[in-house]
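With my numbering applied, the sequence shown has no gaps in its numbers, which climb one by one up to 275 at the end. From the three backbone atoms N, C-alpha and C, an ideal C-beta is built for every residue, glycine too. Note sheet for the following structure.
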Amino acid sequence: MTKFTLWIDMISSYKRKGLVKDELGDGEKRYVDELVGFVEASIGRMVPVMTPEMQEGNILRICTEEYGELPVDRDGFKGEIPDIKGMIAFSPFEYYIQRKLFIHNMGHVNKHTFYLRRP
Numbered sequence: 157m158t159k160f161t162l163w164i165d166m167i168s169s170y171k172r173k174g175l176v177k178d179e180l181g182d183g184e185k186r187y188v189d190e191l192v193g194f195v196e197a198s199i200g201r202m203v204p205v206m207t208p209e210m211q212e213g214n215i216l217r218i219c220t221e222e223y224g225e226l227p228v229d230r231d232g233f234k235g236e237i238p239d240i241k242g243m244i245a246f247s248p249f250e251y252y253i254q255r256k257l258f259i260h261n262m263g264h265v266n267k268h269t270f271y272l273r274r275p
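Here is the structure:
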């Protein structure tokens, strides 16, 4: 049976794997090495400020943009990669992250450059 774990935090999946394995016995460590994938993901959804109308009926409601992609690290999976709607596996994942940061930051730089050049 193929197992996988999807980690989304700032701590890399490789570091998390080490933190998890530090708490396990030898048999459990072998199980983790063979069957559990630690997969990094990059969440890129925007969450707008909630207006009272958006909160109406449920103050805990969270609205997000419709962006529906979940980029993940292909190399983190063990066995077959599951078919999950919107999930896109990249390898090397670090390249994807660097590209995303470059494009994101470039947008901010361009905006500020044009702002500073205003008459």
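Asp178 is bridged by DSSP to nothing; it lacks a bridge partner. Counting along the chain, Val195 sits inside the beta strand (DSSP E) bounded by residues 192-196.
With three or more CB-CB distances shorter than 8 Å, the segment 245-265 counts as touching the segment 213-230. The straight-line gap separating the alpha-carbon atoms of Asp239 and Ile218 is approximately 26 Å. C-alpha of Thr207 to C-alpha of Gly213: approximately 12 Å in a straight line. Per DSSP, reduced to three states, the secondary structure at Leu216 is coil, with no helix or strand assignment. Closest option to Ser168, judged by alpha-carbon separation, among Asp231, Lys267, Arg273: Asp231. Taken atom to atom, the span from the alpha-carbon of His260 to that of Asp182 is near 43 Å. In the DSSP annotation of this structure, the continuous segment of the alpha helix (DSSP H) that includes Met210 starts and ends at 208-211.
Taking 8 Å as the cut-off, the Cβ atoms of Arg255 and Tyr223 do not count as close.
When the Cα atoms are used, Val192 and Ile253 turn out to be separated by approximately 23 Å.
A Cβ-Cβ separation of about 7 Å places Leu180 in contact with Val188 under the 8 Å criterion.
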